[in-house]
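Residue numbers (the working numbering): 385 to 690.
This is the structure:
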């Protein structure tokens, strides 16, 4: 059955982030945003976002792109991107976050692509594929596991055939790229008490500005932004394992739960408590709303400013 949590803002914004137990490895988001602005962030999963109303604008790497009705925003794992309204009335979309292994297994099965398969375009104009994404949501909402799984595989194969390929990253070659990779490892291992940029650069035998430039070229964001994103991703893993939000905040280096909540919401779209209650952990849910088993409605203020 579907478990979810819905957050509704005073400006009419609403977001339901949930997981359907019969579709493992896939998260779902159905949202309408007007003032919401997603900070630059990444996902460990793929993103298929079918826009049904309005326009979403987002920075994909260094390019500003737009997706409207009948189009799908496609984001590969570990690819920096943002998200905000492209028109005054905002945008509505249904998003699928399939685990990377699911997409790669479908690529191997349907296209004989073996390796780091992914997508070559951030926006696809394909109304039929967009309908398939919506169909996955509706099948999951109705508890139709066969349809949800089938439609997920159909839309993934279709998108891979039209805009897919092998996207294996090239290994670092320059000294700057190697320093960036080493800096990332240091930050990931010490995210609770990270070094200053000056200390990090000195330990790597380079200058702060050289490291800053190399890191941005390698990962699409400066070290401090990457660290915030890494903390949110680690916090999601802890929440999935049942860790309470306050403990997750401390474990990844945020000052407190409100600090985690602010950054988590700007990357994921709902607060960590709502995320955990949406089927990402053993929390006992209460109440029902519509066809959502165990859902709660969250009424808060509008999303954070850009």
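Cβ atoms here follow ideal geometry from the backbone N, Cα and C, with glycine treated the same way.
If I'm right that residue i touches residue j with Cβ under 8 angstroms, what's the distance once you round it to whole angstroms?
i           : j           : result
residue 633 : residue 640 : 6 angstroms
residue 614 : residue 575 : 6 angstroms
residue 604 : residue 445 : 6 angstroms
residue 585 : residue 592 : 5 angstroms
residue 401 : residue 652 : 7 angstroms
residue 619 : residue 564 : Actually they do not touch by this definition, with Cβ atoms about 23 angstroms apart.
residue 455 : residue 533 : Not a contact, Cβ separation roughly 24 angstroms.
Give a yes or no on whether the C-beta atoms belonging to residue i and residue j are separated by under 8 angstroms.
i           : j           : result
residue 511 : residue 458 : no
residue 426 : residue 443 : no
residue 403 : residue 412 : yes
residue 571 : residue 539 : no
residue 644 : residue 607 : no
residue 423 : residue 650 : yes
residue 513 : residue 542 : yes
residue 544 : residue 520 : no
residue 470 : residue 492 : no
residue 560 : residue 594 : yes
residue 635 : residue 622 : yes
residue 578 : residue 611 : yes
residue 529 : residue 447 : no
Under a three-way DSSP split, which group does residue i fall into?
i           : result
residue 696 : No answer is possible for residue 696: the residues shown for the chain start at 385 and end at 690.
residue 638 : coil
residue 494 : helix
residue 424 : strand
residue 514 : helix
residue 446 : coil
residue 437 : strand
residue 654 : coil
residue 560 : helix
residue 432 : strand
residue 466 : strand
residue 483 : coil
residue 419 : coil
residue 527 : coil
residue 619 : helix
residue 590 : coil
residue 520 : helix
residue 476 : strand
residue 508 : strand
residue 451 : strand
residue 459 : strand
residue 567 : helix
residue 625 : coil
Using C-beta distances below 6 angstroms, list every residue in its chain close to residue i, excluding the 5 sequence neighbours before and after it, in chain order.
i           : result
residue 483 : 409, 429
residue 474 : 417, 418, 438
residue 504 : 547, 549
residue 600 : 606
residue 502 : 460, 551
residue 449 : 506, 507
residue 648 : 616, 656
residue 498 : 492
Near residue i, which residues of its chain fall below 8 angstroms by C-beta distance, leaving aside the five closest residues on each side in sequence?
i           : result
residue 674 : Confidence at residue 674 is low in this model, with a pLDDT of 29, below 50, so the placement of that residue should be treated as unreliable; the coordinate-derived value is given next. Nothing meets the Cβ criterion.
residue 518 : 434, 436, 478
residue 396 : 416, 418
Keeping to the same chain, check which residues put their C-beta closer than 7 angstroms to that of residue i; ignore five residues upstream and five downstream.
i           : result
residue 566 : 588
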